[in-house]
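Chains as they are written, first to last, in this note's numbering: chain A, 5 to 255; chain B, 7 to 499. Even glycine gets a Cβ: it sits at the ideal position worked out from N, Cα and C. First up is the structure itself, then whatever we jot down about it.
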């Protein structure tokens, strides 16, 4: 303002020549979580090998990027209302670890517009620039090769959770081969109109939050995990902040 | 002062600037989703088409001029209702107005020189801000064009002592006032500029007795004729409070200049800058300070920027008013430096190359802003822009209607306090009801039973077996789409 005023007076000519986002961050939350309602496993689900000795799954959660219930949040519908409370603990067999930590993630030939695919499994789940990889418009997928078959207890996915948004056509599949031809099982599918062509999904849509989406994998055995999405209510881009695949190596 | 009126006038600079401006403005006008403001302007234009009664809208503070100019386009395109409309039809007038804005420096060629006018036209043709909002169905570009005409006619009147030019200035000012309320700020900046430039003050004083009265009468008559009494009174009654509080558009001082000089909306996005224009404008204001017109435009731009920066209410397109002045001065800066280097051909060539790089850089940014990322949040010119998801929602509802026995007469209930821009995306359906709340029991029943309900979900829970989906309309606004499962499954087949 002062600079503008000074410039104005300077320009007046003879006789007039007298003389210019930070969101509140909560402390990092370390919590235990439990499974979500509304999760379906359309494929065969093996029995638990240690149903009685399950222990709470320890999860390191990122900082919440927005507080409380977002504006216009649906109540009592297939989108889950953001409760503001932590999920109850999710119990897994002893020895369960994140099998995807640090592993390379493939994007089926899609080049990221922002970031690199390795951000998907680097352990950084914060809703900050530099923490996520962004793929382009439309239906996109990422695939994680666990290197060997694992007995999978839970899959956690964080898309972008910096603002209230719902990602479309979220589908999570596992398979025994990288091309997803052999023994493909769908663990989660909320693609109600079959846009992705993977079948009509009946799972719920959900708002992204710092807790991520926990998908009960029901101890399926698989080596490859594939996650689909088709833009969000905020834009057409597909962002992945982190994917964790909890399970135990199959001996 | 050098006399420039004797310079030989060639149409080539004018045609080159026009071609450059149109190349950025006309292609792919449908690319960006309709902004809420655009959807409202489209509905207003259709109302004028249907009723032949233009009116100033004191709630929106905008006049009917854009609608009146859009009606012939709609007529030529065979449009009879909103359902026939396409986005480009409503964006065409601002696009053409934006191209004409790029030609306005030539109106001042007698004072700044044809070379400076040509370069200024190039800045206006490729400035990302001017390109982006030329492709937007809002009245801002018309306003800038009309106020530039006021200044040009006023200068001609002062220079030639001919009252006829004053009347033309009054007419343009009246139409500007009937276009948008912020015309008052721009005209106020012009008056302040006259008061602060001694030569302008003397010339106005000399002709005031015989010319100013008729000009004011012309102004009032044209504003009243086009906008009605609201055009003259609404801004002072209602807009003053909003302007001073800022409402949802409150931004701190310095916001406009920050956007123009160095802007990076997201840390992982690119940096945007039109600083070249500002730097050259300061150079032009300094080097051309001996000329009254340069001092006049300098003060006009600074005063207007001061007004806009001081008022809490800020929408980014408002910056075009003072940025127009900066672009003209930037043309002066280039031309004056070019003249100063006439005995140094090497430096002159380097200067030309530098200016060319700046033009290309601005053009590249304009292309990215308007064609690559027209609705992306990494684009600083994107403001309260409808998200792409709303286009998807509109297409889906059309698909549902096609599967419904009533076709496009299928009942769609929209229950949301602020549904825009949905009326645009549902325009081809004939039975769409909009409720801010369900007012009575019968309305509530109809809403709940409608085969398709789009709602802020805490307002209504539709009856029956439903498929629920979610769609964004604007940043931070997510609505729930609720569809009868039978209909949903029919549409999928």
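Check: Could you name the residues that DSSP lists as bridge partners for residue 114 of chain B?; Outcome: None, per the DSSP bridge assignment.
Check: Comparing alpha-carbon positions, which option in B:159, B:27 and B:41 lies nearest residue 105 of chain B?; Outcome: B:27
Check: Alpha carbon to alpha carbon, what distance is there between residue 34 of chain B and residue 219 of chain B?; Outcome: 46 angstroms
Check: Check whether chain B comes within 8 angstroms of residue 187 of chain A, counting only Cβ atoms and requiring the distance to be less than that.; Outcome: no
Check: Under a Cβ-count criterion, where at least 16 other Cβ atoms within 10 Å of its own Cβ denotes burial, should residue 99 of chain A be classed as buried or exposed?; Outcome: exposed
Check: Taking Cβ positions only, does residue 258 of chain B come closer than 8 angstroms to chain A?; Outcome: no
Check: By the 9 angstroms beta-carbon criterion, what residues does the region 468–483 of chain B contribute toward chain A?; Outcome: 472, 473, 474, 475, 476, 477, 478, 479, 481, 482 and 483
Check: Let me confirm a value: residue 130 of chain A is counted as buried when at least 16 other C-beta atoms fall within 10 Å, else exposed. Which label applies?; Outcome: buried
Check: Just how far apart, CA to CA, sit residue 350 of chain B and residue 360 of chain B?; Outcome: 15 angstroms
Check: I believe residue 199 of chain B touches residue 309 of chain B by the beta-carbon criterion, under 8 angstroms. Please report the beta-carbon distance rounded to the nearest angstrom.; Outcome: 6 angstroms
Check: For residue 235 of chain A, decide whether its Cβ has a neighbour in chain B, counting only Cβ atoms nearer than 8 angstroms.; Outcome: yes
Check: Quick one: list the residues of chain A neighbouring residue 272 of chain B, beta-carbon separation under 7 angstroms, in chain order.; Outcome: 133
Check: If I measure Cβ to Cβ from residue 196 of chain B and keep anything under 8 angstroms in the same chain, skipping five residues before and after, which residues do I get?; Outcome: 153, 156, 157, 160 and 306
Check: Can you give me, in chain order, the residues of the region 134–164 of chain B that have a beta carbon less than 9 angstroms from any beta carbon in chain A?; Outcome: none
Check: Could you tell me which of B:17, B:177 and B:93 sits nearest to residue 46 of chain B, measuring between CA atoms?; Outcome: B:93
Check: Just tell me which of B:86, B:108, B:135 and B:62 has its CA closest to the CA of residue 374 of chain B.; Outcome: B:135
Check: Using 8 angstroms as the threshold, is the C-beta distance between residue 435 of chain B and residue 414 of chain B below it?; Outcome: yes
Check: Identify every residue that forms a DSSP beta bridge with residue 219 of chain A.; Outcome: A:159
Check: From the DSSP output, which residues share a beta bridge with residue 197 of chain A?; Outcome: None, per the DSSP bridge assignment.
Check: The alpha helix (DSSP H) that contains residue 492 of chain B, what's its start and end?; Outcome: 491–498
Check: Would residue 198 of chain A be called buried (16 or more neighbouring beta carbons within 10 Å of its own) or exposed?; Outcome: exposed
Check: When Cβ atoms are compared, which residues of the region 159–178 of chain A fall closer than 9 angstroms to chain B?; Outcome: 167, 168, 169, 170 and 172
Check: By how many angstroms is the C-alpha of residue 293 of chain B removed from the C-alpha of residue 11 of chain A?; Outcome: Only weak support is given to the placement of residue 11 of chain A: the predicted model assigns it a pLDDT of 46, under 50, and the question is left unresolved by the model.
Check: Could one say the Cβ of residue 393 of chain B lies closer than 8 angstroms to chain A's Cβ atoms, at least one of them?; Outcome: yes
Check: Applying a beta-carbon distance threshold of less than 8 angstroms, which residues of chain B neighbour residue 209 of chain A?; Outcome: 474, 475 and 476
Check: In three-state DSSP terms, what is residue 74 of chain A?; Outcome: With a pLDDT of 43 at residue 74 of chain A, under the threshold of 50, the modelled position of this residue cannot be trusted, and the question is left open.
Check: List, in order along the chain, the chain B residues whose C-beta lies closer than 9 angstroms to that of residue 221 of chain A?; Outcome: Going along chain B, no residue has its Cβ under 9 angstroms from residue 221 of chain A, so there is no contact; the nearest lies around 25 angstroms.
Check: Label residue 256 of chain A either buried or exposed according to how many other C-beta atoms from any shown protein chain fall within 10 Å of its C-beta, with 16 as the threshold for buried.; Outcome: Outside the modelled stretch of chain A, which goes from 5 to 255, sits residue 256 of chain A, for which no answer is possible.
Check: What's the C-alpha gap between residue 368 of chain B and residue 376 of chain B?; Outcome: 12 angstroms
Check: What residues of chain B sit near residue 3 of chain A, judged by a beta carbon separation below 7 angstroms?; Outcome: Missing from the structure shown is residue 3 of chain A; chain A here goes from 5 to 255 and no further.
Check: According to DSSP, which residues form a beta bridge with residue 250 of chain A?; Outcome: A:102 and A:158
Check: So residue 48 of chain B packs on residue 88 of chain B, CB below 8 angstroms; how close in whole Å?; Outcome: 7 angstroms
Check: Do residue 158 of chain A and residue 220 of chain A have their C-beta atoms closer together than 8 angstroms?; Outcome: yes
Check: Could you check whether residue 226 of chain A and residue 196 of chain A sit closer than 8 angstroms to each other, using their CB atoms as the reference points?; Outcome: no
Check: Report yes if the CB atom of residue 146 of chain A is closer than 8 angstroms to the CB atom of residue 109 of chain A, and no otherwise.; Outcome: yes
Check: Going along chain B in order, which residues have a C-beta closer than 7 angstroms to the C-beta of residue 197 of chain A?; Outcome: 498
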